[in-house]
Amino acid sequence: MIAHVLLASLAVAAGDDCTPLQLTLTSAHDVQDIDANVADGTRIAFQSRMNLTGQNPDLSFELFLLDTTTGMFTQLTDNPGSEFPRGPAIDAAGVRVAYQSRLDPTGQNPDGNEEIFLYDSGDGSTTQLTQTIGGFNLLPAIDAAGSLVAFYSNRDLAGQNADGSLEIFTVEVATLNYEQVTDAVSGNSERPQVSADGTRIVFGSTSNLAGNNPDGNLEIFLADTVAGTKTQITDSLGGQCTHQRISHDGMTIAFACDTEPAGGTNPNGNYEVFLYDVPSAKLTQLTDTSTTLHSFPSSISTAGEQLAFWSPLDVTGGNPDGNTEIFLYEPATNGYLQVTDSVGASSFHPHLTDGVNRIVFDSDGDFAGTNPEGNREVFAMEACPSPGVPASEVVRLGTPPNPNAFVPGITIGPVLGATWNPLIDHTTFVPSSILDVIVIGFVPINVPSGFGTILCGVPPLLPLTVVTGAPGLPFALPIPANPAHAGTMLCTQGASIDAGLTIALTNALDITLGTF
């Protein structure tokens, strides 16, 4: 038995019983720049101009930290004017928050320069990590331990940036020791994101850092601070690549491009989501938006098991109205899961967490009747226990009917974590077969052809999966054990090929993946 592909196109649409939990209640469209600790998503940093703690009566834009286990808000900044802090970036435990601001919380920034600060919720202290005159220090990222902060700056912090170009820097929190990661004579580098241990930094740059960017496009680069190397991930012609993200282990990178990142063109000029596997250098395009709307990545799990992104696409069949919704992509199964399902609303900036199936995001949706005014609020979706779902196999013959030779599982149906073993019966169907085939799709169709009625199709972006096997023997298709796939409906159809390479189609088995 040869089983080349394991339901590789598995996709799950939204529609379970999980309802996003609204964590903030504001009176204006003001929640922005959220970040959640990756440990369990119980501590969330965000920007708001509401008086959530009684310390913001002027309703200026401030940074807040929410502990969802206690429901308590902590105001991290106190902005007396119209300027607002940016960031924030929170460590894995949710204790330290790095941000960018013109404020002077420590008394070391009287000139109101753009500096990098670190708030420690353990002792309530704020540390100014940069102290410069003129120029700016921008948009920090923080490692899992909260001990290293990366940012970009046009200041000469380490004695290597006399030309005042925008470069990537890191600073050790304990020692305030600076390291300049990039050093280019032209162009600028921006928006670093760091791996959990802080040794791998993904960023955008118009500089020719690796010898492959002489045209000065905004490309994605990966710096390995241990090896001292810089790798150019994209090489586009015109356009730009941005919104770079990196997995905690530093082996998976996601980004958006409004062009083709490996050369060529993106005819629509839309921002699409791409995934890059560092060890194999494999590049995968995950979205293909035909409208003028865009898709952007936001968060990657520990070892790249899942990517969270927001998009107006109907990639799973659950977003026909084209709202901007939150999606998950699983590289192992090439599967998409639509997380949110709103009406006339948009959801953005999803953050994945470790150890628990929790997603934190912001949205103006009214998922549970708590946001009828449509304000931009912070939401979280918890893992929800799902009731048992029975697996099923329903024979479908089509019109005109094909031979009813594709037999349901001999010993077990399509159960999560089990091996489904249907069979093509050759008693009266292509007895001289040299190869049996199962085609796996998502959409039941009925299209007559010279081979018989075609009974399975796929929506845009999703491949038609083909599994082959020896004639007359049961197939062996392992079903992923992921409980999120329970209830997924797939269309499967058998086919056989004889020595003359003639193809004949059987009936379909419309299956539901179940827990028993």
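The sequence shown begins at 666 in the working numbering and counts up one residue at a time.
Glycine included, every Cβ here is placed at the ideal spot set by N, Cα and C.
Query                                                                                                                                                                           : Result
Quick one: residues in its chain with C-beta nearer than 6 Å to the C-beta of Gly1074, no 5 flanking neighbours on either side, listed in chain order?                          : Trp1085, Asn1086, Pro1087
Using only CA atoms, which one of Leu948, Pro879, Gly1122, Ile866 lies nearest to His913?                                                                                       : Ile866
In this structure, does DSSP put Thr1180 in helix, strand or coil?                                                                                                              : coil
Counting only runs that start and end within the region 809–891, where is the beta strand (DSSP E) found for 3 or more residues in a row?                                       : 813–818, 832–837, 843–845, 854–859, 865–870, 884–889
Could you pull the DSSP bridge partners for Arg751 from this structure?                                                                                                         : Gln765
Measure the beta-carbon distance from Leu1155 to Ile1105 and round it to whole angstroms, keeping in mind my assumption that it falls under 8 Å.                                : 6 Å
Within this structure, are the beta carbons of Asp848 and Asn877 separated by less than 9 Å?                                                                                    : no
Let me check one thing: in DSSP terms, what residues is Ala710 bridge-paired to?                                                                                                : Asp700, Leu730
Quick one: using the 10 Å Cβ neighbour count with 16 as the cut-off for buried, is Gly1115 buried or exposed?                                                                   : exposed
Taking the alpha-carbon of Ile1176 as reference, which of Gly852, Asp1163, Thr1157 has the nearest alpha-carbon?                                                                : Thr1157
Using 8 Å for Cβ pairs, my map puts Gly869 next to Leu883. What's the rounded Cβ distance?                                                                                      : 5 Å
Please state the DSSP three-state secondary structure of His1091.                                                                                                               : coil
Taking Ser1012 as the reference, which of Asp979, Val1095, Arg1041 has the closest Cα?                                                                                          : Arg1041
Between which two residues does the beta strand (DSSP E) harbouring Asp1027 extend?                                                                                             : 1024–1028
Taking a contact to mean a Cβ-Cβ separation below 9 Å, would you say Ala806 touches Pro857 in this structure?                                                                   : yes
Please determine, among Leu724, Arg1023, Leu1166, the residue with the shortest C-alpha to C-alpha distance to Ala701.                                                          : Arg1023
If I follow the unbroken beta strand (DSSP E) through Gly1134, where does it start and stop?                                                                                    : 1130–1134
Taking all protein chains shown into account, do 16 or more other C-beta atoms lie within 10 angstroms of the C-beta of Asp1101, making it buried, or fewer, making it exposed? : buried
Would you grab the beta carbon distance between Thr981 and Tyr1001 for me? Rounded to a whole angstrom, and I think it's under 8 Å.                                             : 5 Å
To the nearest angstrom, report how far apart His1091 and Leu1081 are at their CA atoms.                                                                                        : 28 Å
Taking one C-beta from the region 707–718 and one from the region 765–775 each time, how about it: are there three or more such pairs within less than 8 Å?                     : no
Mind checking which residues open and close the beta strand (DSSP E) that includes Val938?                                                                                      : 937–942
Do you know how far the Cα of Leu978 is from the Cα of Leu951?                                                                                                                  : 11 Å
What residues match up with Leu783 in a beta bridge as DSSP calls it?                                                                                                           : Ala763, Thr792
So Val1095 and Ala1169 are supposed to be a Cβ contact under 8 Å. How far apart are they, rounded?                                                                              : 5 Å
Is it the case that the Cβ atoms of Gly1137 and Thr1171 are separated by a distance below 9 Å?                                                                                  : no
Assuming Asn819 contacts Phe801 (C-beta within less than 8 Å), just tell me the rounded distance between them.                                                                  : 6 Å
Within this structure, are the beta carbons of Gly934 and Leu958 separated by less than 9 Å?                                                                                    : no
Output the distance between the C-alpha atoms of Tyr817 and Ala888, rounded to the nearest integer angstrom.                                                                    : 14 Å
Would you check if the distance between the CB atom of Thr989 and the CB atom of Trp975 is smaller than 9 Å?                                                                    : yes
Taking only three categories from DSSP, how would you classify His908?                                                                                                          : strand
Got a sec? Which residues, its chain only, sit under 6 Å from Asp732 by beta carbon, not counting five neighbours each side?                                                    : Arg708
Kindly give me the distance between the Cβ atoms of Glu937 and Gln971, rounded to whole angstroms, as I take these residues to be in contact under 8 Å.                         : About 18 Å separates the two Cβ atoms, so there is no contact after all.
With distances taken between CB atoms, is the gap from Phe749 to Glu727 smaller than 9 Å?                                                                                       : yes
Just checking my contact of Gln765 with Leu803 at CB under 8 Å: how many whole Å lie between their CB atoms?                                                                    : 6 Å
Can you say whether Glu1038 is buried or exposed, counting buried as having 16 or more other CB atoms within 10 angstroms of its CB?                                            : exposed
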